[in-house]
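Residue numbers (UniProt numbering), protein chains in the order written: chain G, 1 to 532; chain H, 1 to 532.
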């Protein structure tokens with residue numbers, strides 16, 4: 001694909017195709033439906049298929065190809081020592097540990113010749129019999145694609161839902177066939193699970209900690225007894241078991257939230273990460289920011305308040321600054337340790353060297369191990385938003401936090417400019433759709449800051465407090481204007497833009513092929529088959 | 001225009017056209033913008049112009065034409081008495097009472113020959129110099145028009161807003177040029193005024209009544225003294241002055257709300273009436289339903305409650321049925337008197353006969369006087385919704401209201417089926433856009449009913465009250481499903497529908513001409529002029 005032409009601009013994603021009564025295949029249905037509406041600009045369609053079986057065979061085949069290459073390199077290397085070389089062998093059983101010993105190169109080559117026709121047959125079967133009620137539709141014209149993605153196509157919203165096609169590389173194929181109602185129900189179920197997780201995650205962790213005390217462990221897992229009897233291990237475990245459970249939970253949480261977001265039925269990776277990022281933001285704001293502020297303030301002075309209830313406002317005003325120290329340290333730690341690790345990239349370096357030593361056999365393996373990852377928006381953005389919220393809200397109570405916040409974002413600009421431009425490789429292009437998501441949260445932080453300020457000044461009985469009343473109102477008006485004026489164009493392409501002429505005429509066949517998933521690649525599937 | 005082809009399906013309304021920096025006219029701007037996006041289906045555009053001056057001349061001209069016709073008929077009639085006839089004359093001054101006496105036929109014919117070239121000149125000037133930043137754009141294709149109305153055209157929402165074109169006959173030309181921000185600001189200002197009107201309308205009425213007491217009237221308007229000194233007049237006025245102010249207010253309110261809705265910058269008559277209907281609904285629900293219920297219940301027993309505050313729940317439960325009688329009478333009155341007047345059409349009949357006697361001179365005048373009006377959705381629908389709300393809410397407290405409600409809607413079906421099919425002439429076709437508006441209010445009434453029921457059962461300490469808890473939840477889910485599933489298609493045309501083939505090929509020139517306002521009618525304006 002040439003740089004100027006982006007395949008997804010010529011395509012739309014169609015979901016909720018109604019089941020046809022006249023025994024037409026989905027492919028025929030899609031073709032006739034869109035050909036009637038767009039007789040001149042309709043190009044072709046790819047019906048989403050249930051690819052699980054094909055993908056399994058394809059992965060097995062790719063794995064075999066990789067192993068043949070690796071075995072040949074090992075064989076070649078061995079020739080340098082001994083001119084005849086040692087043909088590499090392995091056992092066919094579990095993990096190469098048991099079973100018959102075979103010559104690797106021969107074995108895998110034989111397997112490849114077996115699998116190739118099997119894959120072709122499976123591809124044909126999938127294309128014909130496993131069509132799902134979703135499709136990618138291609139137009140010869142960017143304006144038509146952009147307008148189609150914004151228009152209602154059928155009289156019922158739960159049929160023929162048409163949206164912008166995501167990039168081929170970020171399509172979540174397994175989500176595409178989910179129906180309108182399934183998506184709606186899944187969404188609310190996921191929201192409920194996330195709500196429960198955010199509010200009550202301490203309960204399962206507490207339960208686990210309660211059950212994994214040392215005596216319980218000894219009773220349930222008797223084989224651990226000798227280890228647990230060592231005094232030092234016992235001390236450490238006794239002290240840190242609950243914390244370990246918490247750390248494991250916090251480490252797994254982003255992955256869990258991403259899994260939940262994908263379970264909602266979202267069609268693209270970027271959208272799923274955005275959804276996960278939103279969920280993670282609520283989690284850290286509620287637990288780190290609000291948790292520490294309220295917890296630290298109220299629980300410390302609970303007894304005093306019980307004795308003299310009227311003192312609550314003074315207590316609040318007096319003890320809020322106490323948490324400021326915690327958050328000051330929190331922000332400082334984030335940029336000292338966080339940016340240090342980020343810039344030095346020590347963790348990926350260690351992992352790379354470990355991989356190269358023990359796993360990599362071929363040039364390709366080394367390259368793959370060296371490959372930098374994606375930026376990981378789903379956790380980075382909520383963290384930055386949290387720092388912003390903390391800095392803003394505590395700027396009135398403990399203004400010392402401001403230089404720390406400024407250093408965090410200033411250094412962050414320098415560090416991440418470098419990392420983004422020269423280190424990370426983006427996994428997808430979402431055309432800036434993350435920005436409205438962040439902008440809303442920045443404005444929410446601003447509003448929270450203004451509310452805190454009002455409350456704090458009120459508690460301190462500052463005379464000119466009413467002067468700042470217009471601030472939150474202006475923030476609300478500003479956010480309303482922004483959402484009215486700008487947000488829509490992150491969602492849908494303006495036709496004015498889509499109608500700009502391209503430098504070259506797109507080759508529609510390449511555009512079309514770029515959307516075929518690798519396991520269904522048409523290299524060997526004849527063109528007629530695709531039009532079933 | 002043939003029955004199968006509706007002009008508005010080929011057109012879109014474009015607003016917020018940005019001012020061009022290169023000195024192009026709006027017409028040129030619109031043409032180049034849309035021709036770039038829709039090179040094949042773009043047909044032509046009509047730029048909205050400031051028509052006030054032209055319309056004034058046009059109306060004068062039409063008035064003269066009507067008067068000539070009338071004078072000729074009077075002259076013809078006079079010939080039956082006297083073979084030579086009496087040429088009708090009139091005075092040119094104020095209301096035909098003072099000034100020079102002239103021969104009417106000659107005078108008006110001369111005026112017509114004067115005005116016709118003046119109109120043509122004014123039309124040319126308007127087309128060239130009074131272009132406003134709004135236009136009607138025509139496509140040769142219904143699918144393109146439907147898709148364009150649903151798509152974002154420019155990167156900023158406040159430029160090139162494209163929406164479905166309303167029917168030509170219901171376009172509010174003077175609203176079209178209002179800019180995005182003007183519309184937004186106007187909307188909120190109008191909402192605020194309506195809110196103030198609904199909540200505090202009693203204050204100005206009270207003030208007026210307070211100032212228009214008899215002694216004040218006598219002082220301020222001394223020439224009324226002789227009338228006010230008659231005892232019977234004094235008694236009636238003294239007793240009814242405040243009520244008269246209220247009645248005048250209530251009679252003018254729908255017109256005032258329609259005026260406010262139009263002031264919001266709404267582009268079509270049907271939309272403005274829908275908006276006025278919504279505002280009127282809030283007014284009558286708040287003032288009739290809630291006002292009477294709360295007022296009647298709480299104010300009567302206010303003193304008892306003051307003495308024994310715990311008795312409030314029992315008081316409420318005991319006195320709610322008291323209002324039931326009022327509402328029962330209210331519903332009965334509505335259908336006895338309301339439907340009687342509706343069916344007999346006595347008021348329009350009287351007005352027609354008065355008009356025929358004193359105003360109508362020509363056949364056309366009589367026809368015009370006889371012409372039935374529009375149904376008047378803006379007041380009828382809120383009234384029906386009010387009856388529905390009352391019937392539902394009081395059905396638990398006083399089930400006797402149910403047969404009255406059933407009779408109201410049953411008779412209403414019979415009466416209005418007849419009236420709608422055989423009496424009234426619709427002024428516009430809104431493609432059922434009133435339905436979601438009503439549906440939301442029906443569901444709101446249902447929810448209010450379920451809440452009242454819960455509260456009433458709670459007050460009466462009915463044991464099985466919890467059984468009905470799922471009802472409001474189910475109502476909310478149902479309304480959510482409906483809004484998700486159905487409402488969108490009242491707003492925008494499904495492309496599937498727009499792509500259905502028409503029985504005949506549309507004559508684009510007729511479609512185009514049907515949108516030209518009568519005062520700008522191109523009969524005499526050469527075609528080149530329209531393309532300035």
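In this text, a Cβ means the ideal position worked out from N, Cα and C, and glycines have one as well. Quick caveat: nothing in here was measured; it's all calculated off a predicted structure.
Cutting at 8 angstroms between CB atoms, please list the residues of its own chain near residue i, excluding the five before and the five after it.
| i | result |
| --- | --- |
| residue 247 of chain H | none |
| residue 54 of chain G | 119, 122, 123, 126, 519 and 520 |
| residue 58 of chain G | 119, 518 and 519 |
| residue 67 of chain G | 104 and 108 |
| residue 263 of chain G | 186 and 190 |
| residue 508 of chain G | 10, 43, 44, 138 and 140 |
Determine, for residue i, whether the minimum Cβ-Cβ distance to residues of chain H falls below 8 angstroms.
| i | result |
| --- | --- |
| residue 155 of chain G | yes |
| residue 441 of chain G | no |
| residue 142 of chain G | no |
| residue 492 of chain G | yes |
| residue 489 of chain G | yes |
| residue 13 of chain G | no |
| residue 495 of chain G | yes |
| residue 134 of chain G | no |
| residue 276 of chain G | no |
| residue 178 of chain G | no |
| residue 150 of chain G | yes |
| residue 499 of chain G | yes |
Compare the C-beta of residue i with all C-beta atoms of chain G and state if any pair is closer than 8 angstroms.
| i | result |
| --- | --- |
| residue 36 of chain H | yes |
| residue 147 of chain H | yes |
| residue 502 of chain H | no |
| residue 158 of chain H | yes |
| residue 232 of chain H | no |
| residue 261 of chain H | no |
| residue 484 of chain H | yes |
With DSSP as the reference, please indicate the residues paired to residue i in a beta bridge.
| i | result |
| --- | --- |
| residue 135 of chain H | H:14 and H:47 |
| residue 89 of chain H | H:103 |
| residue 42 of chain G | G:139 |
| residue 540 of chain G | What is shown of chain G runs 1 to 532, which leaves residue 540 of chain G out entirely. |
| residue 164 of chain G | G:12 |
Are the beta-carbon atoms of residue i and residue j separated by less than 8 angstroms?
| i | j | result |
| --- | --- | --- |
| residue 277 of chain H | residue 198 of chain H | no |
| residue 45 of chain H | residue 138 of chain H | yes |
| residue 328 of chain G | residue 398 of chain G | yes |
| residue 452 of chain H | residue 289 of chain H | no |
| residue 258 of chain H | residue 272 of chain H | yes |
| residue 407 of chain H | residue 335 of chain H | yes |
| residue 492 of chain G | residue 149 of chain G | yes |
Which same chain residues, not among the five before or five after residue i, have their C-beta less than 7 angstroms away from its C-beta?
| i | result |
| --- | --- |
| residue 29 of chain G | 17 and 20 |
| residue 448 of chain G | 389 and 393 |
| residue 441 of chain G | 281 and 385 |
| residue 31 of chain G | 45 |
| residue 356 of chain G | 366 and 369 |
| residue 436 of chain G | 487 and 490 |
| residue 201 of chain G | 249 |
On the premise that residue j lies in contact with residue i, defined as a C-beta separation below 8 angstroms, what is that separation, rounded to the nearest angstrom?
| i | j | result |
| --- | --- | --- |
| residue 64 of chain H | residue 27 of chain H | The pair is not a contact, with the Cβ atoms about 32 angstroms apart (cut-off 8 angstroms). |
| residue 5 of chain H | residue 504 of chain H | 7 angstroms |
| residue 81 of chain G | residue 90 of chain G | Their Cβ separation, rounded to whole angstroms, is 20 angstroms, which puts residue 81 of chain G and residue 90 of chain G out of contact at 8 angstroms. |
| residue 490 of chain H | residue 433 of chain H | 5 angstroms |
| residue 194 of chain H | residue 286 of chain H | Not a contact, Cβ separation roughly 11 angstroms. |
| residue 176 of chain H | residue 83 of chain H | Residue 176 of chain H to residue 83 of chain H, Cβ: 55 angstroms. No contact. |
Could you pull out every residue in the same chain whose Cβ sits closer than 6 angstroms to the Cβ of residue i, ignoring the five residues on either side in sequence?
| i | result |
| --- | --- |
| residue 506 of chain G | 5 |
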